[in-house]
Amino acid sequence: MNRYLRKSLKILLWIIGSIIFLVVAIAVSLNIPAVQNFVKDKAINYLKNKTHTKVSLESIKIALPKDVVLNKFFIADLKGDTLLYAGKLSVDISLFKLLQNTVEINNIDLKHVRANVTRVSPDTTFNFSFII
């Protein structure tokens, strides 16, 4: 019986060690510029396909466990005009909520911002409603 307990404990330790190694490997790989560019390209393509507007981003920095920094982020409205430009957009997210497939934003810091939010009349929608 003691032998089965040892073998079970070894297997459990291997599983826990593998999970910890995988999390650390992902965290380290997200600091590599090539991986950050890959993530940036995927995010930009997703936004372009979802909004059908021009979206651009110079660079992204992912600093786990909480921060995502976007440099020179631009998104156009449906007419092609500037909806939002941010020289630097920092987002503080909750990692634990992200693991539960929920995005919870704790803080947003914008620098060098230009936003053109309009509504033709009080009973119409805003020009950014296509994003929501």
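Heads up: the sequence shown at position 57 corresponds to 57 in our numbering, and the numbers run straight through without jumps. Glycine included, every Cβ here is placed at the ideal spot set by N, Cα and C. Note that the structure is a prediction, hence the values are computed from the model and not measured.
Local Cβ density within 10 Å of residue i, reported as buried at 16 or more and exposed below that
| i | result |
| --- | --- |
| D77 | buried |
| L84 | buried |
| L70 | buried |
| F73 | buried |
Inter-residue spacing [alpha-carbon to alpha-carbon] between residue i and residue j
| i | j | result |
| --- | --- | --- |
| L110 | W14 | 43 angstroms |
| V28 | T124 | 47 angstroms |
| H52 | P33 | 27 angstroms |
| I131 | L22 | 34 angstroms |
| D67 | N107 | 9 angstroms |
| S94 | I105 | 6 angstroms |
| G80 | I20 | 45 angstroms |
| N116 | K50 | 20 angstroms |
| R114 | T82 | 8 angstroms |
| L30 | V39 | 9 angstroms |
Extent of the continuous alpha helix (DSSP H) run through residue i
| i | result |
| --- | --- |
| F126 | Note, F126: premise wrong, no alpha helix (DSSP H); not H, not E. |
Residue i, enclosing beta strand (DSSP E) - first and last residue
| i | result |
| --- | --- |
| R119 | First-last for R119: undefined, no H or E at that position. |
Q | Inter-stretch contact (C-beta, 8 angstroms, three-pair minimum) for the segment 86-94 and the segment 39-48 | A | The count of Cβ pairs closer than 8 angstroms, one atom from the segment 86-94 and one from the segment 39-48, stays below three, leaving the stretches out of contact.
Q) Whole beta strand (DSSP E) runs in the segment 2-87 with 3 or more residues, listed along the chain? A) Counting whole runs of 3 or more residues, the segment 2-87 contains the beta strand (DSSP E) stretches 55-63, 67-76.
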